[in-house]
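Residue numbers (the numbering used here): 6 to 103.
Backbone N, C-alpha and C fix where the C-beta goes; we use that ideal spot for every residue, glycine too.
The structure displayed is predicted, hence computed values, not measured ones.
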């Protein structure tokens with residue numbers, strides 16, 4: 006299944022008084038963290054306090070499936086989400102090709 010990194014950036018069109026439903030992280034983790042999940046939430050990365058973006062790693066058939074899961078669980082609903090399909094490789098992969 007394809008691997009995606011999703012870049013979550015604070016939305017600029019949000020008013021100070023706008024409220025968002027709380028993220029349902031426990032149910033998201035229960036329903037979408039398992040190896041057999043069709044859309045699997047793998048990990049979240051939060052940079053230091055000077056960077057408001059977050060990054061999540063997913064396995065999914067397509068980007069639309071990820072966005073649907075995020076909407077259903079109100080996952081970072083105050084953010085814009087940009088899924089990017091990626092391929093994973095590392096130094097060992099490079100050495101194996103030579």
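I need the straight-line Cα distance from residue i to residue j, nearest angstrom please.
i	j	result
residue 25	residue 57	17 Å
residue 31	residue 63	17 Å
residue 42	residue 49	17 Å
residue 35	residue 47	12 Å
residue 100	residue 94	11 Å
residue 81	residue 98	34 Å
residue 40	residue 7	14 Å
residue 33	residue 103	41 Å
Once you ignore the five residues that flank residue i on each side, which residues in its own chain have a CB closer than 8 Å to its CB?
i	result
residue 14	57, 58, 84, 85 and 87
residue 9	62, 63, 64, 65, 68, 71, 88, 89, 90 and 91
What did DSSP end up calling residue i once you bin it into helix, strand or coil?
i	result
residue 76	helix
residue 96	helix
residue 102	helix
residue 31	helix
residue 68	helix
Kindly list the residues whose CB is nearer than 7 Å to the CB of residue i, restricted to its own chain and excluding five residues on each side of it in sequence; keep chain order.
i	result
residue 29	78 and 79
residue 37	44, 45, 46 and 74
residue 53	none
Are the Cβ atoms of residue i and residue j separated by less than 8 Å?
i	j	result
residue 60	residue 11	yes
Which residues in the same chain have their Cβ closer than 6 Å to the Cβ of residue i, if we skip the five residues on either side of it in sequence?
i	result
residue 51	59
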